[in-house]
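A.B. asks: Per our numbering, the very first residue in the sequence shown carries number 21; after that it's consecutive.
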Amino acid sequence: MSLYGGTSTKILSGHSRFAPLYSSNLFERVFHPNSGFTVFLIAIGTAYCIIPLGVSLIVPEGRFFGLLAAITALSVLAMWGGNRVSIFDRRFRPSSPRFGVSTTGFVGIVWAIFLFFILITFSTAQTIPLFSAFAGADANDLSQQRGDFLKGREGAGIVLLYISTFMNTVVPYSIVLLYDRHAKMRHLAAIVFFFYAISFMAKALFLNMILPILALLSIKQHLRGKAVSYLVVGSILLLIGMTALSLRGETAVASNGDFFTALYAPSDPLTFFLWRSVGVPIFTATDTLVVHEEQFGGRLLMGATSSLIASMTGLERINLERFVFEHQFGGWNEIANSNSVFIVDAFVNFGWPGIIIFSFLVGQVFRWFRLSHDKAFQAQWSVFAFLLFSSPLIGMLLSNGWAYMILHALFIRVRNHVTKPYA
């Protein structure tokens, strides 16, 4: 194990041809994997440390905002340490032995599964939320339909939910791979995933594809011009538009709470979008800390928030995200969840040591994004960062396909042509 130097330096210097670190283009600097870790640290430090520290001085339950700030500060230090240490750098040498698979073979398998999944899902769905929205359904109906589309499945149908979370990670990777290789079907694949993503009004799902495409353009130093501006602005407008559709029929009421509480009532779609993007992640993190202390006595949950870990260890499964939703909105909901940033999940399960271990691993993964020669994997840093803001790391790894993506980055090489099983 070593810090930057020796072999690691050679790897980094050999990879520098992809790094516009001194580019005058702001978009290229922000979306490039060489800058991604710094961008993520600044974003998470601001959202979960600096802002909560300020809020802690003015709200009644300020100590939980202060605790969140302390948790985040420790996490940032641990992530920085994890990102600096060389552990698996040898796996990213060009000569490192990997299992070789052709682009055609890999993409073919992924899309065969995905298209079959779409066929079964849509043919068995009672309603398509997007169609209902355009038909005039109100906010309550749309909320129920979005939940029923995948989360509300029962019996064997629950398998579709788990397949969807895996596909939501692997399919966007395959699309970026197609764009990197200039495949003929790349635009069609992107269109299919885009309409799938918005069909059940999962507002941010299409970003799983858009963000990596922007990152790929940055890696190739093509992230410039009016087309990129249109893409960014269009994505923002689409999010606001889908928010407006999902709020149809709701009556604006006077807000009974501060911006950083669940009692806040946005007066219009734009305000709702800002509150949902900034306020909700922060107060959900603090509400998780409140619920952990008040309902579970502050005891470590030891992974019981994960279905897989709970079943393997014999612990009773704790749906912490639903307890938090109940705390925020006053009622238990079998579909709705209130997920918090990964470091809070680490804290309630494994305490301060958990924060250090989980954050160290996250920092190490960001290092792999930088070292990898697979541009499609490099581009996934943006989605990885985006998900960490409001998802537990355990869930991302075990349910959302990121355990596979990490193994893929370490041991698989997707090639245009493969003549032998190992390359």
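Cβ coordinates follow ideal geometry from the N, Cα and C atoms, glycine included.
On a predicted model such as this, the values are computed, not experimentally measured, just so you know.
Could you check where the alpha helix (DSSP H) with Ile-432 kicks off and where it finishes?
C.D. replies: Taking the sequence shown and counting its residues from 1, one reaches residue 432 at position 412. Where Ile-432 is concerned, there is no enclosing alpha helix (DSSP H), although the beta strand (DSSP E) it sits in stretches over 432 to 435.
A.B. asks: State the Cα-Cα distance for the pair Gly-374 and Thr-263, rounded to the nearest angstrom.
C.D. replies: Here residue 374 refers to the residue found at position 354 when the sequence shown is read from its first residue. Here residue 263 refers to the residue found at position 243 when the sequence shown is read from its first residue. Going by the C-alpha atoms only, they are around 35 Å apart.
A.B. asks: With a threshold of 16 other CB atoms inside 10 Å of the CB of Glu-341, please say whether the residue is buried or exposed.
C.D. replies: Residue mapping note: residue 341 aligns to position 321 of the sequence shown, counting from 1. Glu-341 sits buried, since 16 or more C-beta atoms from the chains shown fall within 10 Å of its C-beta.
A.B. asks: For the beta strand (DSSP E) containing Val-121, list its first residue and its last residue.
C.D. replies: For the purposes of this step, residue 121 is taken as the residue at position 101 of the sequence shown. Where Val-121 is concerned, the enclosing beta strand (DSSP E) stretches over 119 to 122.
A.B. asks: Between Leu-197, Thr-141, Phe-186, which has its C-alpha nearest Ala-176's C-alpha?
C.D. replies: By 1-based counting over the sequence shown, the position of residue 176 is 156. Ala-176 has its Cα closest to that of Thr-141, out of Leu-197, Thr-141, Phe-186.
A.B. asks: Judging by CA-CA distance, which residue of Gln-398, Gly-102, Phe-51, Ser-297 is the nearest neighbour of Ser-238?
C.D. replies: The residue you call residue 238 lines up with position 218 of the sequence shown. Among Gln-398, Gly-102, Phe-51, Ser-297, the Cα nearest to that of Ser-238 is on Phe-51.
A.B. asks: If you check the beta carbons only, do Pro-232 and Val-196 fall under 7 Å apart?
C.D. replies: To locate residue 232, count along the sequence shown from 1; it is residue 212. To locate residue 196, count along the sequence shown from 1; it is residue 176. Yes, Cβ-Cβ distance for Pro-232 and Val-196 is below 7 Å.
A.B. asks: Given this structure, state the Cα-to-Cα distance separating Glu-174 from Thr-147, to the nearest angstrom.
C.D. replies: Counting from 1 along the sequence shown, the entry for residue 174 is found at position 154. Counting from 1 along the sequence shown, the entry for residue 147 is found at position 127. So the alpha carbons of these two residues sit roughly 16 Å apart.
A.B. asks: Keeping to the same chain, check which residues put their C-beta closer than 6 Å to that of Val-368; ignore five residues upstream and five downstream.
C.D. replies: Numbered from 1 along the sequence shown, position 348 holds the residue referred to as residue 368. Same-chain partners within the cutoff: His-312, Leu-321.
A.B. asks: Once DSSP output is grouped into helix, strand and coil, what is the label at Arg-37?
C.D. replies: Here residue 37 refers to the residue found at position 17 when the sequence shown is read from its first residue. Any reading at Arg-37 needs caution, since the residue's pLDDT is 44, under 50, leaving its predicted position unreliable; the model's value is listed next. Residue state, collapsed to three classes: helix.
A.B. asks: Cβ of His-242 within 6 Å of any heavy atom in the ligand ATP?
C.D. replies: No copy of the ligand ATP appears in this structure; indeed no ligand is present at all.
A.B. asks: Please go through the same chain and pick out, in chain order, the residues whose beta-carbon is closer than 7 Å to the beta-carbon of Phe-343, but skip the five residues on each side of it.
C.D. replies: The count along the sequence shown starts at 1 and reaches residue 343 at position 323. These residues qualify, in order along the chain: Val-311, Gln-315.
A.B. asks: For Ala-330, which residues in the same chain have their Cβ closer than 8 Å to its Cβ, ignoring the five residues on either side in sequence?
C.D. replies: Translated into the one-based positions of the sequence shown, residue 330 becomes position 310. Closer than 8 Å at Cβ, skipping near neighbours: Gly-323, Ala-324, Glu-336, Arg-337, Ile-338.
A.B. asks: How should Thr-66 be labelled, buried or exposed, when 16 other C-beta atoms within 10 angstroms of its C-beta is the threshold for buried?
C.D. replies: Start at 1 with the first residue of the sequence shown, and residue 66 comes out as number 46. Result: exposed.
A.B. asks: My understanding is that Ser-95 touches Ser-379, with C-beta atoms under 8 Å, so please give their C-beta distance in whole angstroms.
C.D. replies: For the purposes of this step, residue 95 is taken as the residue at position 75 of the sequence shown. For the purposes of this step, residue 379 is taken as the residue at position 359 of the sequence shown. With 8 Å as the limit, Ser-95 and Ser-379 qualify as a contact, their Cβ atoms being about 4 Å apart.
A.B. asks: Check for me: the alpha helix (DSSP H) holding Leu-162 runs from which residue to which?
C.D. replies: The count along the sequence shown starts at 1 and reaches residue 162 at position 142. Residue range 159 to 169 is occupied by the alpha helix (DSSP H) that includes Leu-162.
A.B. asks: Three or more C-beta pairs closer than 8 Å, one from the segment 70 to 83 and one from the segment 254 to 263: is that the case here?
C.D. replies: no
A.B. asks: Using 10 angstroms around the beta-carbon of Ala-431, count the other beta-carbons present and answer buried if the total reaches 16, otherwise exposed.
C.D. replies: The residue given as residue 431 occupies position 411 in the sequence shown. According to the sequence as given, residue 431 is Phe; it is not Ala. Under this definition Phe-431 is an exposed residue.
A.B. asks: In whole angstroms, what is the alpha-carbon distance linking Ser-358 and Phe-345?
C.D. replies: Your numbering for residue 358 matches position 338 in the sequence shown. Your numbering for residue 345 matches position 325 in the sequence shown. Their Cα atoms are separated by approximately 5 Å.
A.B. asks: Should His-428 be labelled buried (16 or more other beta-carbon atoms within 10 Å of its own) or exposed?
C.D. replies: Here the question's residue 428 lines up with position 408 in the sequence shown. That one is buried.
A.B. asks: Please classify Phe-169 as buried or exposed, where buried requires at least 16 other C-beta atoms within 10 Å of its C-beta.
C.D. replies: What you label residue 169 is simply residue 149 of the sequence shown in a count that begins at 1. Flag for Phe-169 reads buried.
A.B. asks: Since Pro-72 and Leu-88 should fall inside the 8 Å C-beta cutoff, what is the C-beta to C-beta distance between them, to a whole number of angstroms?
C.D. replies: Working through the sequence shown from its first residue, we reach residue 72 at position 52. Working through the sequence shown from its first residue, we reach residue 88 at position 68. Confirmed, about 5 Å.
A.B. asks: Using the Cα positions of Phe-57 and Ala-224, report the straight-line distance between them to the nearest angstrom.
C.D. replies: Residue 57 sits at position 37 when you count from the first residue of the sequence shown. Residue 224 sits at position 204 when you count from the first residue of the sequence shown. Each residue's Cα considered, the two are about 21 Å apart.
A.B. asks: Taking buried to mean at least 16 other C-beta atoms within 10 Å of its own C-beta, is Asn-436 buried or exposed?
C.D. replies: As a working note, residue 436 is residue 416 in the sequence shown. Asn-436 comes out exposed.
A.B. asks: If we ignore side chains and look at the alpha-carbon of each, how far apart do Ala-423 and Gly-334 end up?
C.D. replies: Walking along the sequence shown from the start, residue 423 turns up at place 403. Walking along the sequence shown from the start, residue 334 turns up at place 314. If I take the Cα positions, the gap works out to 22 Å.
A.B. asks: Suppose the cutoff is 6 Å on Cβ atoms and the five residues either side in sequence are ignored; what does the same chain contact list for Thr-306 look like?
C.D. replies: By one-based count along the sequence shown, residue 306 stands at place 286. Excluding positions up to five away in sequence, the list reads Phe-84, Phe-85, Leu-88.
A.B. asks: Let me check understanding here. Comparing Cα to Cα, which of Val-179, Val-385, Ala-356, Leu-413 lies closest to Gln-164?
C.D. replies: Translated into positions along the sequence shown, residue 164 becomes position 144. Of the listed residues, the one whose Cα sits closest to Gln-164 is Ala-356.
A.B. asks: Alpha carbon to alpha carbon, how far is Phe-389 from Leu-283?
C.D. replies: In the sequence shown, the residue the question calls residue 389 occupies position 369. In the sequence shown, the residue the question calls residue 283 occupies position 263. Taking the straight line joining both Cα atoms gives about 39 Å.
A.B. asks: Let me know the alpha helix (DSSP H) ranges lying completely inside the segment 172 to 241, each 4 residues or longer, listed in chain order.
C.D. replies: Taking only runs of at least 4 residues, the alpha helix (DSSP H) segments lying wholly in the segment 172 to 241 are 178 to 200, 206 to 219, 227 to 239.
A.B. asks: Kindly indicate the opening and closing residues of the alpha helix (DSSP H) around Val-79.
C.D. replies: To locate residue 79, count along the sequence shown from 1; it is residue 59. Per DSSP, Val-79 belongs to no alpha helix (DSSP H) and is neither H nor E.
A.B. asks: Taking Gln-11 as the reference, give the member of Phe-386, Leu-417, Thr-304, Thr-185 with the closest Cα.
C.D. replies: Residue 11 lies beyond the stretch modelled for the chain, which goes from 21 to 443, so this question has no answer here.
A.B. asks: Does the segment 205 to 221 come close enough to the segment 146 to 162 that 3 or more CB-CB pairs lie under 8 Å?
C.D. replies: Between the segment 146 to 162 and the segment 205 to 221 there are three or more inter-stretch CB-CB distances shorter than 8 Å, so the stretches are counted as touching.
A.B. asks: For Pro-117, does the count of other Cβ atoms within 10 angstroms reach 16, so buried, or fall short, so exposed?
C.D. replies: As a working note, residue 117 is residue 97 in the sequence shown. Exposure of Pro-117 is indicated by the presence of fewer than 16 other C-beta atoms within 10 angstroms of its C-beta.
A.B. asks: Quick check on Gly-25: buried or exposed, where buried means 16 or more other Cβ atoms within 10 Å of its Cβ?
C.D. replies: Along the sequence shown, one-based indexing puts residue 25 at 5. Note on Gly-25: pLDDT 36, under 50, position unreliable in the model; the coordinate value appears next. Counting the other CB atoms within 10 Å of its CB gives Gly-25 a total below 16, which places it among the exposed residues.
A.B. asks: Could you have a look at Met-332 and say whether DSSP puts it in helix, strand or coil?
C.D. replies: Position 312 of the sequence shown, counting from 1, holds the residue named residue 332. In the structure shown, Met-332 sits in a helix (DSSP, three-state: H, G or I).
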